[in-house]
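>
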């Protein structure tokens, strides 16, 4: 039996200069799902060093629009 749920995955690619994050949301249900964002920020990324200390946060020092946005994800669709 197939697992019918919303699935979140984060993939990373790194080189000597940077790291790239790909955030994917899969609607694996039989119905449309609506996600409501209260600002222009749809995610945050926290990077920790081996000791567990935060060394990077995407939102730190950032400014995001103050506008409500609705993202509709139909059945079996992917948002990246």
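Numbering (my numbering), first residue to last: 7 to 86.
Backbone N, C-alpha and C fix where the C-beta goes; we use that ideal spot for every residue, glycine too.
No experiment lies behind these values; they were computed from the predicted model shown.
For residue 78, does the count of other Cβ atoms within 10 angstroms reach 16, so buried, or fall short, so exposed?
Mapped onto the chain shown, residue 78 falls at position 72. When all chains shown are included, residue 78 counts as exposed.
> Hey, could you find the ends of the beta strand (DSSP E) residue 27 is sitting in?
As a position in the chain shown, residue 27 is number 21, starting the count at 1. 25-33 is the extent of the beta strand (DSSP E) around residue 27.
> Smallest Cα separation from residue 13: which of 30, 48, 58?
Taking the chain shown and counting its residues from 1, one reaches residue 13 at position 7. Checking every option, the nearest Cα to that of residue 13 belongs to 30.
> Ignore the nearest five residues each way along the sequence and tell me which others in residue 19's own chain have a CB closer than 8 Å to its CB.
Here the question's residue 19 lines up with position 13 in the chain shown. Closer than 8 Å at the Cβ level, and outside the excluded window around residue 19, lie 25, 26, 28.
> At the level of alpha carbons, what is the spacing between residue 48 and residue 73?
Walking along the chain shown from the start, residue 48 turns up at place 42. Walking along the chain shown from the start, residue 73 turns up at place 67. Residue 48 and residue 73: Cα-Cα distance of roughly 12 Å.
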